[in-house]
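To start, the structure itself, in structure tokens.
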Amino acid sequence: DVKVTQSSRYLVKRTGEKVFLECVQDMDHENMFWYRQDPGLGLRLIYFSYDVKMKEKGDIPEGYSVSREKKERFSLILESASTNQTSMYLCASRLQGAKTEAFFGQGTRLTVV
Amino acid sequence: GDSVTQMEGPVTLSEEAFLTINCTYTATGYPSLFWYVQYPGEGLQLLLKATKADDKGSNKGFEATYRKETTSFHLEKGSVQVSDSAVYFCALSDRVGKLIFGQGTELSVKP
Numbered sequence: 001d002v003k004v005t006q007s008s009r010y011l012v013k014r015t016g017e018k019v020f021l022e023c024v025q026d027m028d029h030e031n032m033f034w035y036r037q038d039p040g041l042g043l044r045l046i047y048f049s050y051d052v053k054m055k056e057k058g059d060i061p062e063g064y065s066v067s068r069e070k071k072e073r074f075s076l077i078l079e080s081a082s083t084n085q086t087s088m089y090l091c092a093s094r095l096q097g098a099k100t101e102a103f104f105g106q107g108t109r110l111t112v113v
Numbered sequence: 114g115d116s117v118t119q120m121e122g123p124v125t126l127s128e129e130a131f132l133t134i135n136c137t138y139t140a141t142g143y144p145s146l147f148w149y150v151q152y153p154g155e156g157l158q159l160l161l162k163a164t165k166a167d168d169k170g171s172n173k174g175f176e177a178t179y180r181k182e183t184t185s186f187h188l189e190k191g192s193v194q195v196s197d198s199a200v201y202f203c204a205l206s207d208r209v210g211k212l213i214f215g216q217g218t219e220l221s222v223k224p
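The following block contains the structure:
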């Protein structure tokens, strides 16, 4: 079974902190994604990586950056956390190609206080 | 840019009722289309997909047909069960592989 693992289920951070959310997949997938999920807004794409060290901005990249140094790991970085970044963050991965299924992690519920 | 629009929820149905959840998209080219489902307390999982015009995706009694002329991919099920209660997401994948989701539609099925 494909496994996408996010490092934490729940996180509480203070405003202004630098926050790292980690995601690891075990199926050699080329594509990896970070989304945030908010009620009424669905899943909004933050960043997309189509290969190691390659990334593309999604719809809401402001306040976030990403790192993909190894194929299996995709990190989301909040440079200076703010309360409006309190949300559920979802990581996904899939094989290269528009037709392939994406596999999701369980999500990280981040609260910024 | 590309986008997906779903009908707003929540949708509440009685068991064995007919379900339709509308989904329309805007995209350049010919995207692949997906429905994902999120059961309470679980992660998202693929429900069905269609990769070209007039394709019908189906799984677990759910169906959706890729309609290029109306840019739609509506989800249907003839007889819903309580266990179908979940949030349903319509999504498209563009030619470079970016996966874009709609707002999600919450379905609640009452016995």
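Residue numbers (my numbering), protein chains in the order written: chain A, 1 to 113; chain W, 114 to 224. Ideal placement from N, C-alpha and C gives every residue a C-beta, glycine not left out. None of these values were measured; they are calculated from a predicted model.
When burial is assigned at 16 or more other CB atoms within 10 Å of the CB, is residue i buried or exposed?
i              : result
residue 190(W) : buried
residue 108(A) : buried
residue 41(A)  : exposed
residue 100(A) : buried
residue 36(A)  : buried
residue 211(W) : buried
residue 194(W) : exposed
residue 225(W) : Residue 225(W) falls outside the range modelled here, since chain W spans only 114 to 224, and no answer is possible.
residue 162(W) : buried
residue 152(W) : exposed
DSSP state of residue i, grouped into three classes?
i              : result
residue 6(A)   : strand
residue 100(A) : coil
residue 135(W) : coil
residue 158(W) : strand
residue 83(A)  : helix
residue 92(A)  : strand
residue 52(A)  : coil
residue 118(W) : strand
residue 178(W) : strand
residue 218(W) : strand
Please report the residue range of the beta strand (DSSP E) in which residue i lies.
i              : result
residue 19(A)  : 19 to 25
residue 152(W) : Unbroken run through residue 152(W): none, as it is neither H nor E.
residue 67(A)  : 64 to 70
residue 41(A)  : From DSSP, residue 41(A) is part of no beta strand (DSSP E); its letter is neither H nor E.
residue 110(A) : 108 to 112
residue 130(W) : No beta strand (DSSP E) holds residue 130(W); DSSP gives it neither H nor E.
residue 281(W) : Chain W is shown only over 114 to 224; residue 281(W) falls outside these bounds and no answer can be derived.
I'd like to confirm the pairing. Which residues does DSSP put opposite residue i in its beta bridges?
i              : result
residue 193(W) : In DSSP, residue 193(W) forms no bridge with anything.
residue 13(A)  : 112(A)
residue 209(W) : Partner(s): none; residue 209(W) has no beta bridge.
residue 77(A)  : 20(A), 65(A)
residue 163(W) : 146(W)
residue 57(A)  : 47(A)
residue 264(W) : Absent from the structure is residue 264(W), since the part of chain W shown begins at 114 and ends at 224.
residue 202(W) : 149(W)
residue 33(A)  : 48(A), 92(A)
For the segment 71 to 104 of chain A, list every residue whose C-beta sits within 9 Å of some C-beta in chain W, in sequence order.
90, 92, 94, 96, 97, 98, 99, 100, 101, 102, 103, 104
Would you list, in chain order, the members of the segment 39 to 52 of chain A that have their beta-carbon closer than 7 Å to a beta-carbon of chain W?
40, 41, 42, 43, 45, 48, 50
At a Cβ cut of 8 Å, what residues of the segment 157 to 170 of chain W count as close to chain A, listed as they run along the chain?
Listed by position along the chain: 157, 158, 159, 162, 164.
Taking a cut of 7 Å between CB atoms, which residues from the segment 18 to 41 of chain A lie near chain W?
31, 33, 40, 41
Residues in the segment 187 to 207 of chain W with C-beta within 7 Å of chain A's C-beta atoms, listed in sequence order?
The segment 187 to 207 of chain W vs chain A, Cβ under 7 Å: 202, 206, 207.
Note down, in chain order, all residues in the segment 206 to 221 of chain W with a beta-carbon under 8 Å from any beta-carbon belonging to chain A.
If the cut-off is 8 Å between Cβ atoms, the segment 206 to 221 of chain W has 206, 207, 208, 209, 210, 211, 212, 213, 214, 215, 216, 217 near chain A.
For the segment 56 to 67 of chain A, list every residue whose C-beta sits within 8 Å of some C-beta in chain W, in sequence order.
56, 58, 59
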